[in-house]
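Some notes on the structure that comes next.
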Amino acid sequence: MAKLEQPVLALSSGLELRPWRASDADSLVTAGQDPAIRQWNLLVVASAAEAGKRIERMHERWQNEQSAIWAIAHPDGGQAVGLIGLGDIDLAGGSAEILYWVLPAGRGRGVMVEATKRLSQWAFDDLGLHRLRLCHSMANPASCRVATKAGFSVEGTMRSALLHEDGWHDQHLHALVQGDI
Ligand SMILES: CC(C)(COP(=O)(O)OP(=O)(O)OC[C@H]1O[C@@H](n2cnc3c(N)ncnc32)[C@H](O)[C@@H]1OP(=O)(O)O)[C@@H](O)C(=O)NCCC(=O)NCCS
19 MAKLEQPVLA LSSGLELRPW RASDADSLVT AGQDPAIRQW NLLVVASAAE
69 AGKRIERMHE RWQNEQSAIW AIAHPDGGQA VGLIGLGDID LAGGSAEILY
119 WVLPAGRGRG VMVEATKRLS QWAFDDLGLH RLRLCHSMAN PASCRVATKA
169 GFSVEGTMRS ALLHEDGWHD QHLHALVQGD I
């Protein structure tokens, strides 16, 4: 990854996955104020300055081969309307975890199913990973639907797996492996 430039991945809906830019800081601040993104992504962004630092860290983590995070945006300079990426990348072990959110105005149009399929294809075909996992709280049926529609099988329930504001949540473990798509 360190030798690769982070690619732009086109979506058939007309949106694209592209690297985050300093000018997307306001989108990250807006996301940090959305109750659902705060709840399910544990995202808290105190200021535009903090958002800017987070965006810088995304690029450092690509260089360090730790994570690969894209903005979901309209081409030609559109602001980020969502985020999707691979966290916890293990290049030697061939695995990573899919992470995502979309701002409220963009929800319910199939954006995240399409983005998840496109990123999975890139992770297998271009990055050479073998297995992708996707975890969500059992209390988040929208994320379960996205995972299922993107082809990620449910492999089980991880009990008390993640601490949210209201306590520990059980999580569904979904996964997609090379050959599933
Ligand atoms: C989860 C999230 C990413 C989905 O994004 P999206 O672009 O709206 O998803 P899509 O439109 O691709 O698909 C959503 C699917 O979930 C379904 N869905 C939405 N809300 C639902 C709910 N409360 N219960 C059950 N299904 C639900 C939709 O009906 C749709 O399925 P369908 O096409 O069969 O009708 C978005 O809602 C979001 O960012 N939520 C807040 C943060 C979050 O949950 N992050 C994920 C952490 S694991």
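Numbering-wise, our numbering comes out as the position in the sequence shown, counting from 1, plus 18. Beta carbons are placed, not taken as given, at the ideal position from N, Cα and C, and that holds for glycine.
Exposure label - residue i; buried when at least 16 CB within 10 Å
i: A28; result: exposed
i: H192; result: buried
i: G185; result: exposed
i: L87; result: Leu is not the amino acid found at residue 87; the sequence shown has Ile there. Label assigned to I87: buried.
i: V62; result: exposed
i: R136; result: buried
i: L147; result: buried
Through-space distance from residue j to residue i, alpha-carbon basis
i: R127; j: A64; result: 29 Å
i: A179; j: V172; result: 15 Å
i: V47; j: L109; result: 31 Å
i: C153; j: I199; result: 19 Å
i: W80; j: S138; result: 17 Å
i: S41; j: S30; result: 25 Å
i: Q97; j: S45; result: 7 Å
i: G124; j: S155; result: 21 Å
i: I55; j: A49; result: 6 Å
Distance cut-off 7 Å: residue i Cβ against heavy atoms of ligand 1
i: R163; result: yes
i: G169; result: no
i: W119; result: yes
i: A91; result: no
i: M76; result: no
i: A54; result: yes
i: W186; result: no
i: R127; result: yes
i: M130; result: yes
i: G124; result: yes
i: M159; result: The question names Met, but residue 159 in the sequence shown is Pro. True, at least one ligand heavy atom lies under 7 Å from that Cβ.
i: W88; result: no
i: H154; result: yes
i: W58; result: yes
Contacting residues, own chain, Cβ-Cβ under 7 Å from residue i (five flanking each side not counted)
i: G105; result: S85, A114, E115, L117
i: A43; result: A66, A69, G70, I73
i: E183; result: Q57
i: R15; result: The question about residue 15 has no answer here: the residues shown for the chain are numbered 19 through 199.
Cβ distance (whole Å) where residue i is taken to contact residue j below 8 Å
i: V164; j: V131; result: 6 Å
i: L150; j: A141; result: 6 Å
i: H190; j: T175; result: 6 Å
Own chain partners of residue i with C-beta closer than 8 Å, once the 5 adjacent residues on each side are dropped
i: H92; result: G32, L33, E34, V99
i: D144; result: P25
i: R177; result: D188
i: N82; result: A20
Own chain, CB closer than 6 Å to residue i, minus 5 neighbours either side, in chain order
i: Q51; result: none
i: V129; result: V120
i: L101; result: W119
i: A168; result: V131, T134, K135
i: L60; result: none
Interface flag, residue i vs chain D, CB-CB below 8 Å
i: G126; result: Included in the structure is just one protein chain, with no chain D present.
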